[in-house]
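Colleague: Take this structure, written in structure tokens, and hold onto it; I'll ask about it next.
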Amino acid sequence: MTILKSAKGFWLSILLSIILFAIIQFLIIGEYLNGFYINTIFFMGINIILAVSLHLIIGITGQFSIGHAGFLAVGAYASAVVSMKLGLPFPLAIIMGGLVAAIAGLVIGIPSLRLKGDYLAIATLGFGEIVRIVFLNIDYVGGASGLQVSHLTTWPWVFVCMMITLLVIRNFTNSTHGRACISIREDETAADAMGINTTYYKVVAFVIGSFFAGIAGSLYAHNFYIIQPSNFGFLKSFDILIYVVLGGLGSMSGAVVAAILLTIISTFLQDFPETRMVIYSILLIVMMIYRPQGLMGTREITSFFKKKKSVEGGPKDDNQHTVA
Amino acid sequence: MTTNTPLLKVDNAGIQFGGLKAVQGVNVELDRGELVGLIGPNGAGKTTFFNLLTGVYVPTEGSISLNGEKLNKQAPYKITRKGISRTFQNIRLFSELSVIDNVKVAYHSLAKHSIASSIFRVPGHFSGETEMHEKAVEFLKIFNLDRFMNEKAKNLPYGQQRRLEIARALAANPKLLLLDEPAAGMNPQETQELMKLIALIREKFDLTVLLIEHDMALVMGVCDRIYVLDHGQLIAQGTPAEIRNDPKVIEAYLGEEVS
Amino acid sequence: MELIQQLINGISLGSIYALIALGYTMVYGIVKLINFAHGDVFMVGAFVGFYSITLLDLSFFPALLLTMAVTAIFGVIIERIAYKPLRNATRIAALITAIGVSLLIEYGFIYFRGAQPEAYPSGVLPTEKISILGVSINSQSIFILCTSVVLMIILQFVVHKTKIGKAMRAVSFDAEAAKLMGINVNNTISATFAIGSALAGAAGVIFGTYYSKIEPLMGIIPGLKAFVAAVLGGIGIIPGAMVGGLLLGVVESLVSAAGYSLWRDAVAFIVLILILIFLPSGLFGKNRREKV
């Protein structure tokens with residue numbers, strides 16, 4: 001019973017997103033949208049990828065990483081090197097951006113994920129800064145003056161990458177592997193005592209998160225005409241962190257909604273960066289004091305539509321099952 | 001392993017924090033199917049001893065073996081997979097997860113479907129998850145927790161949370177179950193139910209149980225044998241009747257009532 | 001001789017890190033919070049010092065004292081408004097709030113004042129070259145070093161010899177027990193923020209006199225590095241923060257001297273990560289375990 005209904009829900013949301021894609025594609029091709037709006041839409045997609053990738057690390061696995069811009073940078077530079085220096089096609093550059101960022105995630109994750117809480121936060125922040133300084137010192141990618149990149153990012157690419165990110169992270173979360181990650185978030189000692197290899201899952205979540213941050217980096221790099229190390233400072237990391245926190249730690253749809261809202265806000269405040277940061281920071285503080293669980297808490301948007309069902313039975317966070 | 005090796009053999013084990021010997025020279029042997037109590041005054045090192053058995057702490061002296069296999073320096077999750085599972089003194093459930101998901105986490109190490117199969121939703125993922133789900137439902141029925149299946153663990157009443165924690169520990173399929181003060185904070189009626197539950201799990205699962213408890217009625221009522229720990233050292237062991245009359249135990253508990 | 005010159009630069013820089021690190025370490029010791037806004041208190045201190053020297057026409061020491069008073073109050077305000085409501089919240093919520101407060105101070109400051117930098121007037125402190133054993137040392141460095149050392153000695157005195165210091169130590173050891181013993185935990189925490197912020201303010205003035213240029217985002221990097229210094233020395237441990245700060249300053253100066261000045265900022269973070277991984281309790285810290 002449930003499997004039919006929820007599968008219906010799944011295909012319905014896929015259908016809706018394809019319609020959304022087609023509408024936007026139509027508006028872009030027909031030149032009904034000007035560059036400003038198109039750019040905002042691209043940013044929305046890229047920020048959703050970033051938000052959801054960090055959501056897996058912080059919201060699901062509970063590992064407080066605040067250097068996510070480092071992986072964005074690695075992806076951006078790696079893909080730019082592949083497309084600009086090696087002259088390889090854009091799709092390959094996107095994938096390489098993700099893979100190189102994933103490797104960076106692995107290399108950084110293995111030592112630092114032994115740390116907990118505040119210490120992990122500050123170590124990841126440190127790693128983010130080191131990544132930035134490394135790019136600053138590599139002449140091959142232009143050092144401080146940056147690297148020229150062609151504008152290759154298009155709406156179909158943004159859409160496809162965003163959908164893949166959402167699906168992969170949703171599928172991972174709604175499985176025994178995702179539950180293992182959540183158990184680490186909830187109580188690492190107990191997870192360990194239940195036979196969960198906590199180190200392994202922390203690293204896995206970190207690597208998957210880094211991979212998609214790298215994908216976002218590829219799209220980001222090819223949406224600008226130039227990338228510079230200064231684009232990837234920890235203010236960028238905080239931006240991504242804010243999406244996840246505002247949306248609700250543990251809620252993927254919350255992260256998506258927050259990314260959309262804040263992208264709109266920051267686009268309109270583009271010319272007033274201070275105002276934007278003041279609003280962001282007040283938002284953060286007020287949120288933490290009055291609603292620390294974020295907009296959505298750990299719930300997903302879908303749970304608002306099926307409140308009744310969860311009482312009847314059936315695993316509510318994996319809607320692909322039948323109830324025995 | 002031959003049947004005459006004890007299930008658990010703790011040989012002269014101890015741990016030192018800085019200069020403080022929290023546990024020292026402890027020798028414990030548990031045979032299959034036994035229900036053994038571990039008692040002692042507050043701060044005697046009982047929980048520390050559990051932490052040694054489960055790998056949370058690494059013993060600084062002596063050795064611990066399960067079924068004749070040394071467990072020294074193994075990560076806690078590996079020890080759990082080898083067959084020692086536990087509950088905690090202060091309940092440590094995965095509070096945001098549902099009751100059934102708490103149990104499924106304990107099944108995780110048996111999962112056959114890989115991360116990739118879950119990400120790409122190949123048939124193996126569905127069959128693996130379905131099997132896990134069905135198993136967990138059946139399991140919860142034994143503990144009468146199936147009616148709370150989709151409740152978040154944190155929303156359960158206190159007694160049921162204790163019950164779920166024991167169920168979760170059992171779901172990890174242990175050979176040796178360690179219960180750390182399961183009756184703490186329970187009223188007499190809940191304690192009665194707990195005693196029934198312990199009897200039930202002994203009957204249903206082929207298990208050895210080591211139990212830390214302050215409720216003497218419970219310990220004396222259900223345990224085959226009892227170890228007494230004081231100041232990190234074993235001061236007595238024997239049947240409930242022997243322990244009740246042991247002068248050293250009475251001395252350790254001076255001021256506390258041994259009923 | 002070049003090396004000694006660099007060492008002295010390093011010590012001067014290190015004493016600034018140490019002063020900021022003290023505030024981090026004291027606050028962390030007492031409320032287990034990485035007060036990200038601490039670097040911004042340092043920035044505010046630099047500006048208060050600047051305005052008291054240029055507008056109020058004060059000389060170095062009165063300006064230093066005024067700044068310390070202002071930043072102490074500022075620190076208490078931050079604590080009361082933003083952190084106090086979160087006393088029982090999760091660590092992550094507190095950390096995010098601290099990040100928010102930091103951003104708010106930085107950008108609120110820019111919003112109301114503008115982002116343009118200022119330069120401390122020269123001659124706030126005498127800048128003669130003093131020659132000791134063939135090494136010429138700027139008298140400013142000596143002034144700065146002495147000021148920092150005096151402040152640290154006063155701090156040690158406050159923490160170990162006064163009633164409030166005793167209360168601070170008690171609360172950081174066990175807040176619940178301290179409360180039961182009749183210690184006003186809220187006031188003690190505020191006092192800790194006040195003292196820590198006063199030291200950061202002093203560091204701001206010293207930084208301004210030494211490096212001249214100040215700007216609203218100047219607190220971020222020294223703030224982070226001071227945190228590294230606190231971790232290096234063992235977080236929560238006051239002498240540790242001093243040693244950590246000095247050590248970090250010296251290492252950075254030596255790296256610059258060796259010709260890798262572009263990597264200077266990375267050094268602190270590399271040190272941080274090495275320390276966190278190999279010696280997480282720092283040089284002077286004791287190993288603490290989570291109670292299970």
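Chains as they are written, first to last, in UniProt numbering: chain A, 1 to 324; chain B, 1 to 259; chain C, 1 to 292. Note that the Cβ used here is the ideal one computed from N, Cα and C, for glycine as well. The structure presented is a predicted model; accordingly, all values stated were derived computationally and were not measured.
(1) Should B/Y57 be flagged as near chain A, meaning a C-beta pair shorter than 9 Å?
(2) Against A/F172, what residues of chain B qualify as contacts under a CB-to-CB distance less than 9 Å, listed in chain order?
(3) Please list, in chain order, the chain C residues whose beta carbon lies closer than 7 Å to that of A/T275.
(4) C/Q116: buried (16+ other C-beta within 10 angstroms of its C-beta) or exposed?
(5) Throw me the rounded Cβ distance for the B/F143 and B/R163 pair, which I believe falls under 8 Å.
(6) B/Q74 by DSSP, collapsed to three states: which one?
(7) Measuring alpha carbon to alpha carbon, tell me which of C/T54, C/G14, C/V44 and C/K32 ends up nearest C/C146.
(8) Anyone know if the C-beta pair for A/L269 and A/T275 falls short of 9 Å?
(9) Inspect the beta-carbon positions of residue 325 of chain A and A/A51 and report whether they are closer than 9 Å.
(10) Bridge partners for B/T208 per DSSP, in chain order?
(11) Does the ligand GDP have a heavy atom nearer than 8 Å to the CB of A/Y32?
(12) Taking any Cβ of chain C, which residues in the segment 273-304 of chain A have a Cβ under 7 Å from it, in chain order?
(13) Rounded to the nearest angstrom, what separates C/I235 and C/A229 at their Cα positions?
(14) With distance defined between alpha-carbon atoms, name the residue in C/A72, C/T188, C/A94 and C/R91 nearest to C/Y172.
(15) Since B/H133 and A/A180 should fall inside the 8 Å C-beta cutoff, what is the C-beta to C-beta distance between them, to a whole number of angstroms?
(16) With a CB to CB cut of under 7 Å and the five nearest residues on each side skipped, what residues in its chain are close to B/A236?
(17) Taking DSSP as the reference, what is the three-state secondary structure of A/V149?
(18) Output, in chain order, the set of chain A residues within a Cβ distance shorter than 7 Å of B/M220.
(19) What does B/V228 touch in chain A if you count any residue whose Cβ is under 8 Å from its own?
(20) Could you name the residues of chain C that A/R114 contacts, counting a contact when the two beta carbons are closer than 9 Å?
(21) Classify A/W11 as buried or exposed, calling it buried when 16 or more other Cβ atoms lie within 10 Å of its own Cβ.
(22) If we count the other Cβ atoms within 10 Å of its Cβ and call it buried at 16 or more, is C/I81 buried or exposed?
(23) Let me check understanding here. Comparing Cα to Cα, which of A/T165, A/I38 and A/P229 lies closest to B/F120?
(24) Please go through the same chain and pick out, in chain order, the residues whose beta-carbon is closer than 8 Å to the beta-carbon of B/E181, but skip the five residues on each side of it.
(25) Between the segment 71-86 of chain C and the segment 137-144 of chain C, do at least 3 Cβ pairs fall closer than 8 Å?
(26) According to the neighbour-count rule (16 or more other Cβ atoms, all chains shown, within 10 Å of its Cβ), is C/S131 buried or exposed?
(27) What does DSSP give as the partner residues of B/K9 in its beta bridges?
(28) Name the residue from A/Y225, A/M252 and A/E188 whose alpha carbon lies nearest to the alpha carbon of B/S95.
(29) Which residue comes first and which comes last in the alpha helix (DSSP H) that contains A/Y200?
(30) Please state the DSSP three-state secondary structure of B/D246.
(31) Runs of 3 residues minimum, wholly inside the segment 32-66 of chain C: which ones carry the beta strand (DSSP E) assignment?
(32) Counting along the chain, where does the beta strand (DSSP E) carrying C/S136 start and finish?
(33) Using a Cβ-Cβ cut-off of less than 9 Å, list which residues of the segment 254-270 of chain A approach chain C; keep chain order.
(34) Residues in the segment 114-142 of chain A with C-beta within 8 Å of chain C's C-beta atoms, listed in sequence order?
(35) With 9 Å as the threshold, decide whether the Cβ of A/H177 is near any Cβ in chain B.
(36) Drop a sphere of 10 angstroms on the beta-carbon of A/H55, count the other beta-carbons inside from all chains shown, and report buried for 16 or more, exposed for fewer.
Modeller: In short, the structure shows the following:
(1) no
(2) I115, S118 and I119
(3) Taking the beta carbon of A/T275 as reference, the chain C residues within 7 Å of it are Y111, listed in sequence order.
(4) exposed
(5) 6 Å
(6) Reduced to three states, the DSSP call for B/Q74 is coil.
(7) C/G14
(8) yes
(9) With chain A running from 1 to 324 in the structure shown, residue 325 of chain A is simply not present.
(10) B/L176
(11) Among the ligands in the structure shown, none appear at all, so the ligand GDP cannot be discussed.
(12) E274, T275, M277, V278, Y280, S281, I282, L284, I285, M288, I289 and P292
(13) Going by C-alpha positions, C/I235 is about 9 Å away from C/A229.
(14) The question names Tyr, yet the displayed sequence has Ser at residue 172 of chain C. Here the closest residue by C-alpha is C/T188.
(15) The pair is not a contact, with the Cβ atoms about 16 Å apart (cut-off 8 Å).
(16) V228, I243, D246, K248 and V249
(17) Here A/V149 sits in coil by DSSP.
(18) By Cβ distance, chain A contributes nothing, its closest Cβ being about 28 Å from B/M220, past 7 Å.
(19) Within chain A, no residue comes near B/V228; the closest Cβ sits about 25 Å away, beyond 8 Å.
(20) L276, I277 and P280
(21) exposed
(22) Its Cβ having fewer than 16 others within 10 Å, C/I81 is exposed.
(23) The option with the nearest alpha carbon to B/F120 is A/T165.
(24) Q89, I212, E213 and H214
(25) no
(26) exposed
(27) Looking at the DSSP assignment, B/K9 forms a beta bridge with B/E29 and B/S65.
(28) A/E188
(29) That run of the alpha helix (DSSP H) goes T198 to A221.
(30) Collapsing the DSSP output to three states places B/D246 in coil.
(31) Listed in chain order, the beta strand (DSSP E) elements of length 3 or more contained wholly in the segment 32-66 of chain C amount to none.
(32) V135 to N138
(33) none
(34) R114, L115, G117, D118, Y119, A121, I122, A123, L125, G126, F127, E129, I130, I133, V134, L136 and N137
(35) yes
(36) buried
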